[in-house]
Amino acid sequence: GENVEQHPSTLSVQEGDSAVIKCTYSDSASNYFPWYKQELGKRPQLIIDIRSNVGEKKDQRIAVTLNKTAKHFSLHITETQPEDSAVYFCAASRATAGNKLTFGGGTRVLVKP
Amino acid sequence: GAVVSQHPSWVICKSGTSVKIECRSLDFQATTMFWYRQFPKQSLMLMATSNEGSKATYEQGVEKDKFLINHASLTLSTLTVTSAHPEDSSFYICSARPRDSVNYEQYFGPGTRLTVT
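Sequence lines, in order, name chains A and B.
Just so we're aligned: the first sequence equals residues 1428 to 1540 in this note's numbering.
Just so we're aligned: the second sequence equals residues 40 to 156 in this note's numbering.
What follows is the structure in structure tokens.
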């Protein structure tokens, strides 16, 4: 089955700096890669996603890049703010596997004011 | 739109008892719902895929006789933790995928925190 690895596990950045989280996946047939933000005790919230036919997607301060050949994708957050502090999860799924998500281990991001 | 609810939001039960958790899609129909378990400071682990009108598909290592899943309608799936033990204490989260969806997004419920004493 799919295996998703995520790095780093913790990330501390100064407010205004950029944050980058990287994930690798094992199943070359995976075709959907969402990123979630989860605050303590809350549900995961989709912040951005990308499909395998696209190399990059941007939404305001958040961007995701996908390298299908290398089987890795990254989340970029620019101009970080204290409210960006949370745990971020990457995930991968493929339509032929019922769209079930395999999550990475998570990255705890702390934005210091 | 695309709201998923869970009930209860938290529950405390005694070891050996059973607990039922409900997952409802409030404003859409979902042929597929997913159940995840999340231990403190860990990631979400898929337990099973619930399909309306058919048996659930369990992930490797998940005991189907312990975690009973029923997807009786297009808006409701239930997870029953039978003979719960302290090691079953966790955050249980469901997600639902809209029927006839053309994208891949899943909508998550708010989670149910189960504590077994």
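Every residue, glycine too, gets a C-beta built ideally from N, C-alpha and C.
Note that the coordinates shown come from a computational prediction; the quantities given were computed from them, not determined experimentally.
> Looking at chain A, which residues of the segment 133–154 of chain B have a Cβ within less than 7 angstroms of any of its Cβ atoms?
Replying inline: Arg136, Tyr143, Glu144, Gln145, Phe147, Gly148, Pro149, Gly150
>> Helix, strand or coil for Asp1486 (chain A)? Go by DSSP, reduced to three states.
In response: strand
>> According to DSSP, is Pro1435 (chain A) part of a helix, a strand, or is it coil?
In response: coil
> Between Ala111 (chain B) and Val58 (chain B), is the Cβ-Cβ spacing less than 9 angstroms?
Replying inline: no
> If you measure from the beta carbon of Asn1430 (chain A) to each beta carbon in chain B, is any gap under 9 angstroms?
Replying inline: no
> Can you list, in chain order, the residues of its chain whose CB lies under 6 angstroms from that of Ile1477 (chain A), leaving out five sequence neighbours each side?
Replying inline: Phe1460, Lys1484, Val1491, Leu1493
>> Please report the distance separating the alpha-carbon of Ile132 (chain B) from that of Cys1517 (chain A).
In response: 17 angstroms
> Out of curiosity, what's the CA-to-CA distance linking Lys1527 (chain A) and Gln145 (chain B)?
Replying inline: 9 angstroms
> Are the segment 1501–1512 of chain A and the segment 1428–1447 of chain A touching, with three or more C-beta to C-beta distances below 8 angstroms?
Replying inline: yes
>> Please list, in chain order, the residues of the segment 72–89 of chain B that have any C-beta partner in chain A closer than 7 angstroms.
In response: Phe73, Ser82, Leu83, Leu85, Thr88
> When DSSP builds the beta bridges, which residues end up paired with Ile1448 (chain A)?
Replying inline: A:Leu1502
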